[in-house]
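Heads up: the sequence shown runs through residues 16 to 251, numbered per this note's numbering.
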Amino acid sequence: MIAPAARSDDAKHVLVIEDEPQMRAMLVDNLEFEGYRVTAVASGEEALQAVSSRQFALLLVDVMLPGISGFDVCRTLRAQGTRVPIILLTARTHERDRVRGLDLGADDYVSKPFGVHELLARVRAQVRRDDWHSMTGEEFSFGDVVVRLQQRLVLRKGRRVALSAREFELLRYLFAHRNEVVSREQLLRDVWGYGQLTITRTVDNYVAKLRMQLEPKPHDPRYLVTVHGSGYQLLI
C-alpha cells in the first residue's frame, strides 16, 4: 500500500550556509545558473532561523562556520526531525571527519577545493532523491509492517519498531528502489555516502538488523531478500 503525498512548492529552493563571501557568491551564482532558487546566509545561527521559517530542497553547509559549526547545524536539525538533504562542505579531508558528518545525519560530504560540475551533480542527485521520496507517498506497508515516512515511524503488528536513523534511511532507500536489485556499493554510496570505500559488511550487518526486526522469519526472509552476487531487493 502506498498513500499519496503532496509535493512541496520549494522543490528547487537551496539554502547555502558559507561564511566566506567569495565562496558564498560563487555557490549562489552557479546554483542560480542551474535554475535553483537560492537563499544564502553566513552563520549557523542564521541557517537554523531560516530553516525554522521556510522549506528548502537542500542545504549546502560549510563545516567551519563561526559560532555554531556545520556539524552542529546538522546535529540540531536532525534532532529536531528535519529531513531536508544536507551536503557538508569542508577543507577537512580526514576520513573520521567525513564519517562524523555522515553519522550526524548529513547526506553527502564534499571536500574543498571541489569541481563545480561535481558539486552540482551531487546537488541534483540529492534534490532528485528527496523529490522522488516526496512523490512516493507518506506511508507504505508489507506483511505486518507499516512505515510512515513523514513521521519516521515503523510499526509491526501495531507496535512501534525502534529503528536507528541509519536503519530507517536504508529501509527508505530500499523502498524508493522497491523490487529493484541494489548493490552493496550503491547502498554504501547513496545511504552512507562512503564513495570509494568498500566496507561491504556494513551493509550486510544493517540488512540483517532490519530482517530481525521486520521479517516473520529473519533467516528465511520474504521481503528483504539477498540476490546472490548482486545485492539486495525489497519485494513489495
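Where a beta carbon is used, it is the ideal one built from N, C-alpha and C, also for glycine.
Only a predicted model underlies this, so the values are computations on that prediction, with no experimental measurement involved.
Option in the options with minimal Cα separation from residue i
| i | options | result |
| --- | --- | --- |
| Glu195 | Val88, Ile32, Val131 and Ile251 | Ile251 |
| Glu33 | Arg174, Asn45 and Val78 | Val78 |
| Phe5 | Leu75, Tyr238 and Gln165 | In the structure as shown, the chain begins at 16 and stops at 251. Residue 5 is therefore absent and cannot be evaluated. |
| Ala62 | Gly50, Glu49 and Gly85 | Gly85 |
| Pro81 | Arg98, Val162, Arg93 and Glu35 | Glu35 |
| Gln141 | Leu74, Ala65 and Gly50 | Leu74 |
| Val66 | Arg98, Glu49 and Tyr51 | Arg98 |
| Arg167 | His192, Gln95, Asp87 and Leu203 | Gln95 |
Under 8 Å between C-beta atoms of residue i and residue j
| i | j | result |
| --- | --- | --- |
| Val43 | Ala55 | yes |
| Val53 | Glu47 | yes |
| Met205 | Tyr221 | The sequence given here places Asp at residue 205; Met does not occur at that position. Cβ atoms of Asp205 and Tyr221: not closer than 8 Å. |
| Gly246 | Gln201 | yes |
| Asp159 | Arg171 | yes |
| Phe190 | Leu117 | no |
| Glu184 | Leu225 | no |
| Asn45 | Val131 | yes |
Between the CA atoms of residue j and residue i - distance to the nearest angstrom
| i | j | result |
| --- | --- | --- |
| Gln228 | Ala40 | 47 Å |
| Gln37 | Val218 | 39 Å |
| Thr241 | Glu230 | 13 Å |
| Glu153 | Ser179 | 19 Å |
| Leu244 | Arg137 | Position check: residue 244 holds Gly in this sequence, whereas Leu was assumed. Roughly 28 Å separates the two Cα atoms. |
| Leu266 | Pro128 | What the structure shows of the chain is the stretch from 16 to 251, and residue 266 is not part of that stretch, so it cannot be assessed. |
| Val161 | Arg216 | 27 Å |
| Leu135 | Gly120 | 20 Å |
| Arg90 | Ser198 | 29 Å |
| Pro236 | Leu186 | 15 Å |
| Glu133 | His192 | 24 Å |
| Pro233 | Glu49 | 46 Å |
| Ile83 | Ala106 | 17 Å |
Sheet register partners of residue i (DSSP bridge)
| i | result |
| --- | --- |
| Asp123 | Ile102 |
| Ser245 | Answer by DSSP bridge pairing: none, since Ser245 is not bridged. |
| Thr54 | Leu30 |
| Gly164 | For the sequence presented, residue 164 should be read as Leu rather than Gly. Beta-bridge pairing links Leu164 to no other residue. |
| Arg175 | Leu170 |
Open item on the list: With a threshold of 8 Å, are at least 3 pairs of Cβ atoms found where one atom belongs to the region 28-37 and the other to the region 62-77?
Closed with: yes
- [ ] May I ask you to verify whether the region 91-105 touches the region 113-125, counting CB pairs closer than 8 Å and requiring at least 3?
- [x] yes
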